[in-house]
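Chains A and B, in that order, are what the protein sequence lines are.
Heads up, the first sequence is in this note's numbering, so the first residue is 1 and it goes up one at a time.
Heads up, the second sequence is in this note's numbering, so the first residue is 507 and it goes up one at a time.
Reading through the structure tokens given below for one structure.
Protein chains: 2
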Amino acid sequence: TLLLFEIGSMFNLMSTARTAKLIQNKSRVADVNSGFTLCETHGDIADRTLVRVQDLTPEKADQLIWLRARVHTSRAKGKQCFLVLRQQQFNVQALVAVGDRASKQMVKFAANITKESIVDVEALVRKVEQKIESCSQQDVELHIERIFVISQAEPRLPLQLEDAVRADGEGEEEGRATVNQDTRLDNRVIDLRTTTSQAIFRLQSGVCQLFRDTLTKKGFVEIQTPKIISAASEGGANVFTVSYFKTSAYLAQSPQLYKQMCICADFDKVFCVGPVFRAEDSNTHRHLTEFVGLDIEMAFNYHYHEVIDSITDTMVQIFKGLRDNFQTEIQTVNKQFPSEPFKFLEPTLRLEFTEAVAMLREAGVEMGDEDDLSTPNEKLLGRLVKEKYDTDFYVLDKYPLAVRPFYTMPDPSNPKYSNSYDMFMRGEEILSGAQRIHDAQLLTERALHHQIDLEKIKAYIDSFRYGAPPHGGGGIGLERVCMLYLGLHNVRQTSMFPRDPKRLTP
Amino acid sequence: TLLLFEIGSMFNLMSTARTAKLIQNKSRVADVNSGFTLCETHGDIADRTLVRVQDLTPEKADQLIWLRARVHTSRAKGKQCFLVLRQQQFNVQALVAVGDRASKQMVKFAANITKESIVDVEALVRKVEQKIESCSQQDVELHIERIFVISQAEPRLPLQLEDAVRADGEGEEEGRATVNQDTRLDNRVIDLRTTTSQAIFRLQSGVCQLFRDTLTKKGFVEIQTPKIISAASEGGANVFTVSYFKTSAYLAQSPQLYKQMCICADFDKVFCVGPVFRAEDSNTHRHLTEFVGLDIEMAFNYHYHEVIDSITDTMVQIFKGLRDNFQTEIQTVNKQFPSEPFKFLEPTLRLEFTEAVAMLREAGVEMGDEDDLSTPNEKLLGRLVKEKYDTDFYVLDKYPLAVRPFYTMPDPSNPKYSNSYDMFMRGEEILSGAQRIHDAQLLTERALHHQIDLEKIKAYIDSFRYGAPPHGGGGIGLERVCMLYLGLHNVRQTSMFPRDPKRLTP
């Protein structure tokens, strides 16, 4: 089934095709002369410009163009074969018809090309009288004169792209297939070709870019932190172990300790984007064992709310950038997974933990002052906040000290609470952060209180012995931000190759 | 030794200071009244604007300003105390003198502040008659009226910043100390404060930004690839093992397989920036067990040189961006580590492997046609190329097939060679890349030839069964690019927290 794999030099694209044809005595390459005379020369290919599908508009009418695309669908009908040719989210109708420009063999050849194969076609662009509703390029179609198979797909696809983009409800109503998540993920290379997946991951790329550009403008420096570490920072729970030559090491659960060291090393404001590892056996819609952390850490002058303001403004810039520059992607995803547009306020709403407890109690929830929020209570709180303030994004400040890690700065005015915060999108946590203790002595006391082995965090504590500015920060889960911004319901939809306790492939 | 750690709210900065003072019956906070009357209120701090050291110019003369900085050096002299206050690479001279504005106790207090402590000062900016050559701000000095210790450094520093920036030669000549690499790395938080380190890692941040911005402009999409993988892609050598719940997994040696899957999934052109893990027991100046990969993969039309051209152009944009926007950083590093400016050509020089072998043989090297280049021969070749072509950057194309990984596309016109390439800076490899085999059948054959267990790479091979465009790419080592661009001699200088077989901390 292999044909043009040796696209290795200008000269070889066609000579290999010819060889393959001769060997197999069966043409995979067809032109008006039925594919048996491949008279192309080096110059022919070198001069060739491949047009993009999205550029096929009526302005190109009556031009003879070259195009490389996938065969999205193919339908033979008497002496004609209709193809839909696809590039990413764009597609165009194409026609091979017996006549001046194509032989009977060529129509048959075209009809036999398997779906998802990649082809090169030479074709005349024609305006159409009636809009082609099923294609992104509605005003033109292609009349194919030559067609070459560049890469042939196996005839049986593990999933159909039409099924993979069907909205759940739509599928049920019309008795049509949808594709379940494991099938999608097992065949991710095909699932990622759908318009929905293309839109999700282009938007995700946008989130990273907006995050970095906003912070760079604010004077932050990007840092790279190690993922293999010698000691588990928070007592060893939920950490993956790595064999490291003759010893053992761990995978970093967050870059936090390293971000903080950079602050102690005078970088002032830093960010990093990178993998974060959690060995939690949580099989939920929002947990992954490996995800991408967007991390921020900064020195502040007089109040840790300077940190909260920097982070919330960064989030707002991301939301605005997505709204303004990724509307096509948002609408594409919405077609399959409808959701309300994401709402946010400027400045960002900041609630104190005690206010949240009061709101929840008013709604009938029983909880103690220093209890952490359960996931259902977070969700409920999200709904209450949305009703009252009309925002899908807010900060919850001043968590009880007891539910936060040892390095969290206590609230100096009330030791039951702490200078720490979470941020929420549509009622789910996307960031956890705090002012960190920057004094070695207090840090030692708090670590002992949490029964952490001081020997294991010696390097961390020592970082604060030679002058450390007050600082704070937080870590954002990229996949959660994308999921919640788009109103999706599973973080595996926004992770290209998700990892969870049960999935390590592909 | 702990004082103002509870900078938790506007109200608490000063009240805590007072409390600490009362408790310890010893002032760490001094003003003109000797530090015993801290009459500041909330408003005082809220209205306070902290000036940056780099903004202390003669235009600010006779203004009373607030500043937060480290005590870089301190020298008491009779009724005066001279301090040098530092922020990152900038510093300014400051003076506390007994008189109208400071008491005797205050001078004593200032003289006792340990080096590297962080202080807040209120001071009058004064023009100086004679330039202060030893400071970055040469035209002004500060006359301190109040000084507060924000974070106190321990009196004994594990290394001195002056020693850490001294050029090797200079140290020897004058009998002064320099700092060896392990001491630097063991105390990285202090070592990173030097002007040299600050410059290196700001430049590194710039390399990442230039890499991404250039590729984004070219239409590339950023992707995130998993680091925990289920099978070692290249046969299991040099790979770290991870305990993964009840099974084992590995750390990815490169994102290559995932980049390729994205190409098969129609992303067309992708890049990623992330950690790469190599369990090689190599203790050299250029090997790390974890480094940052700048990875590129793209579909091409008719020739893999389209890929080479995209990568070399990206490198050239990085070199130009560094030259044009990071001249201060380059010169700062050069002061300690002198080197020739980095030279490159446009378009980038591309040599074929056979040409390189001929050049080496002419220089007296004995090697077979299909031998890989040894590290000394790479270095020698770099010198020969520099002599002949006056460039520190070039591409070596068409490596012998035998020395490349199984997924490398053979050269269709000569099966002894392959469509693969390395790129070199100052004679050292910074990128390895190739056209990849995009046909499942050929890939299977090549994997069998390399005696790779097909079962372990099934998901990889299957990626190519449903139509795959011809494509190629490469992976760049970030730390090597920074090291070689700056003419440094050890990759640990350009890794913030390097990992090698003998180092896992900090």
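Even for Gly, the Cβ is constructed at its ideal location relative to N, Cα and C.
Since the model is a prediction, treat every value here as computed from it, not as a measurement.
key: Cβ-based contacts, 7 Å cut-off: residues of the stretch 985 to 1010 of chain B near chain A   = M1002, F1003, R1005, P1007, L1010
request  = Starting from the C-beta of A/S508, find all residues in its chain whose C-beta is less than 8 Å away, skip the five residues before and the five after it, and write them out in chain order.
outcome  = Chain A is shown from 1 up to 506; residue 508 of chain A falls before or after that span and cannot be answered.
inquiry  = As a quick exercise: from A/D186, A/N187, A/Q138, A/A167, pick the residue whose alpha carbon is nearest that of A/T178.
reply    = Considering only A/D186, A/N187, A/Q138, A/A167, the residue with the shortest C-alpha distance to A/T178 is A/A167.
inquiry  = Judging by CA-CA distance, which residue of B/S969, B/E985, B/R699, B/E858 is the nearest neighbour of B/Q762?
reply    = B/S969
inquiry  = Just to make sure I have the definition right: I need the residues of chain A whose C-beta is within less than 7 Å of the C-beta of B/C770. Which are they?
reply    = Near B/C770 (Cβ distances below 7 Å), the residues of chain A are V189.
task = Can you say whether B/A536 is buried or exposed, counting buried as having 16 or more other CB atoms within 10 angstroms of its CB?
result = In this prediction, B/A536 scores a pLDDT of 44, lower than 50, which makes its location untrustworthy; no coordinate-derived value is stated.
ask   = Since B/E796 meets chain A, which of its residues come closer than 9 Å, beta carbon to beta carbon?
value = P226, K227, I228
inquiry  = What residue range does the alpha helix (DSSP H) around A/G376 cover?
reply    = Looking at the sequence provided, one finds Pro at residue 376 of chain A rather than Gly. It spans 375 to 389 - the alpha helix (DSSP H) in which A/P376 sits, taken as one unbroken run.
query = Using the beta-carbon of each residue, which ones in chain A are nearer than 8 Å to B/F751?
reply = A279, D281, P501
key: DSSP-derived helix/strand/coil call for A/V96   = DSSP places A/V96 in strand when its eight states are reduced to three.
Proximal residues, the stretch 441 to 453 of chain A versus chain B, C-beta separation under 7 Å = Those residues of the stretch 441 to 453 of chain A that come within reach of chain B (Cβ to Cβ, closer than 7 Å) are Q441, L442.
key: Identified DSSP bridge partners for B/G980   = B/G980 pairs with B/I802, B/G939.
task = Look at the Cβ atom of B/M865, then the Cβ atom of B/Y900, and state whether they are nearer than 9 Å.
result = The Cβ atoms of B/M865 and B/Y900 lie no closer than 9 Å to each other.
query = When we look at the beta-carbon of A/D100 and count the other beta-carbons within 10 Å, is it buried (16 or more) or exposed?
reply = Classification of A/D100: exposed, given that the 10 Å Cβ count is below 16.
key: Straight-line Cα distance separating A/V125 from A/K512   = Since the first residue of chain A shown is 1 and the last is 506, residue 512 of chain A is not available in this structure.
message = Any beta carbon from chain A within less than 9 Å of B/G979's own beta carbon?
response = no
request  = Note down, one range per segment and in chain order, each beta strand (DSSP E) of at least 3 residues found wholly within the stretch 195 to 228 of chain A.
outcome  = Runs of the beta strand (DSSP E) inside the stretch 195 to 228 of chain A: none found.
message = Taking CB distances under 9 Å as the criterion, tell me whether A/P506 reaches chain B.
response = yes
query = Quick one: what does DSSP say B/A965 is sitting in, helix, strand or coil?
reply = Three-state result, B/A965: helix.
inquiry  = Ignoring anything shorter than 4 residues, give me the alpha helix (DSSP H) runs that lie fully in the stretch 825 to 859 of chain B, in order along the chain.
reply    = Runs found: 833 to 842.
request  = Using beta-carbon positions only, say whether A/L159 and A/I190 come within less than 9 Å of one another.
outcome  = Going by C-beta atoms, A/L159 is nearer than 9 Å to A/I190.
request  = Note down, in chain order, all residues in the stretch 155 to 187 of chain A with a beta-carbon under 7 Å from any beta-carbon belonging to chain B.
outcome  = Of all residues in the stretch 155 to 187 of chain A, L157 have a Cβ within less than 7 Å of some Cβ in chain B.
request  = Name, in chain order, the residues that DSSP records as bridge partners for B/S760.
outcome  = According to DSSP, which records beta bridges pairwise, B/S760 is partnered with nothing at all.
request  = Quick one: using the 10 Å Cβ neighbour count with 16 as the cut-off for buried, is A/R75 buried or exposed?
outcome  = Residue environment analysis places A/R75 among the exposed positions, since fewer than 16 neighbouring C-beta atoms fall within 10 angstroms of its C-beta.
task = List the residues of chain A whose Cβ lies closer than 7 Å to the Cβ of B/A965, in chain order.
result = T505, P506
message = Just to check my reading of the structure: B/R682 and B/N744 have Cβ atoms closer than 8 Å, yes? What is that Cβ distance to the nearest angstrom?
response = Taking C-beta atoms under 8 Å as the contact rule, B/R682 and B/N744 fail to qualify, at a distance of about 42 Å.
ask   = If you count every other CB in all the chains shown that lies within 10 Å of the CB of B/E846, and 16 or more means buried, which is it?
value = exposed
message = Once the 5 residues before and after A/H438 are set aside, which same chain residues still bring their CB inside 7 Å of it?
response = F464, A468, P469, P470, H471
Start and end residues, alpha helix (DSSP H) containing A/R184 = 181 to 186
message = Tell me which residue opens and which closes the beta strand (DSSP E) that A/V403 is part of.
response = A/V403 -> no beta strand (DSSP E), and no H or E assigned at all.
key: Environment of A/P506 [buried if 16+ CB atoms lie within 10 Å]   = buried
request  = Please confirm if B/I729 has its CB atom under 9 Å from at least one CB of chain A.
outcome  = yes
inquiry  = Beta carbons nearer than 7 Å to chain B: which residues of the stretch 108 to 128 of chain A have them?
reply    = E116, S117, I118
request  = Classify A/E154 as helix, strand or coil using the three-state DSSP reduction.
outcome  = Coil at A/E154, not helix or strand.
ask   = What are the boundary residues of the beta strand (DSSP E) that B/L992 is part of?
value = Premise fails: B/L992 is in no beta strand (DSSP E) and is neither H nor E.
key: Collapsed DSSP secondary structure at B/C641 in the structure displayed   = coil
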